[in-house]
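What follows is a single structure, written as structure tokens, with notes after it.
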Amino acid sequence: MVKSVFAKRIARAIVERNREQPMTRTKELAEVVAAATPVKDKFKHPATRTFQAVRIWVNSELEEIEQALKSSLNVLAPGGRLSIISFHSLEDRIVKRFMRENSRGPQVPAGLPMTEEQLKKLGGRQLRALGKLMPGEEEVAENPRARSSVLRIAERTNA
Numbered sequence: 001m002v003k004s005v006f007a008k009r010i011a012r013a014i015v016e017r018n019r020e021q022p023m024t025r026t027k028e029l030a031e032v033v034a035a036a037t038p039v040k041d042k043f044k045h046p047a048t049r050t051f052q053a054v055r056i057w058v059n060s061e062l063e064e065i066e067q068a069l070k071s072s073l074n075v076l077a078p079g080g081r082l083s084i085i086s087f088h089s090l091e092d093r094i095v096k097r098f099m100r101e102n103s104r105g106p107q108v109p110a111g112l113p114m115t116e117e118q119l120k121k122l123g124g125r126q127l128r129a130l131g132k133l134m135p136g137e138e139e140v141a142e143n144p145r146a147r148s149s150v151l152r153i154a155e156r157t158n159a
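Oh and the sequence shown: position 19 is 19 in the UniProt record's numbering, straight run, nothing missing.
And the structure:
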């Protein structure tokens, strides 16, 4: 969920407003959110993040990303490339964690006597992270929405 330092203040304002008169329009919600938050960015409406949070929650977007990433391991052939573009920090955090967890070898306590064959049976890493790309100044100038995007790339290993 999109985190906001004003989340409690916004929630209280919404509850109070609905007690007085239930909202029926998104414009009303935007006005309540704007009144509950100090203006920080003169280019963005204060309710933008609130509507983003509602959209992410309603569409289960973060869960969908997690499921798609897990499924990718079942369909990606060894040597195949996985490329994921995320557009905000919540998505990128999920992608980064997935790649980190699947790029490690088996987690075996140090000093545990195991043969190479036993280690192979535990399974190895499934991905090799190849890096990330972020938009350059020229791309952002041409497409301002690209400013927060991150492209992460990994390759399926033979494990």
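Using N, Cα and C, we set each Cβ at its ideal position, and we do this for glycine too.
Contacts around residue i, its chain only, beta-carbon distance under 6 Å, and the 5 residues preceding and following it disregarded
i	result
Thr37	Phe6 and Pro46
Arg9	Ala36
Gly80	Arg156
Cβ-Cβ distance between residue i and residue j below 9 Å
i	j	result
Leu61	Glu91	One detail in the question is off: residue 61 reads as Glu in this sequence, not Leu. Contact flag set, yes.
Leu82	Glu20	no
Val150	Lys132	yes
Phe51	Thr24	no
Arg152	Lys70	no
Candidates the options: closest to residue i by CA position
i	options	result
Phe87	Ser148, Lys8, Glu155 and Phe98	Ser148
Ala146	Thr115, Thr157 and Ile85	Ile85
Pro144	Ala110, Phe43 and Gln118	Phe43
Status (buried if at least 16 other CB within 10 Å, exposed otherwise) for residue i
i	result
Phe98	buried
Arg104	exposed
Asn59	exposed
Asn102	buried
Contact set for residue i: own chain, Cβ-Cβ below 7 Å, skip 5 residues either direction
i	result
Ala30	His45 and Ala47
Gly136	none
Ser72	Leu82
Expected contact under 8 Å - CB spacing of residue i and residue j to nearest Å
i	j	result
Glu138	Ile94	At roughly 28 Å, the Cβ-Cβ gap does not stay under 8 Å, so Glu138 and Ile94 are not in contact.
Val32	Arg17	5 Å
Nonlocal neighbours in the same chain, by C-beta distance under 8 Å from residue i, ignoring five residues either side
i	result
Thr157	Pro78, Gly124, Arg125, Gln126, Leu127 and Arg128
Ala68	none
Minimum Cβ-Cβ distance from residue i to chain B less than 9 Å
i	result
Lys44	In summary, chain B is missing from the structure at hand, where a single protein chain is found.
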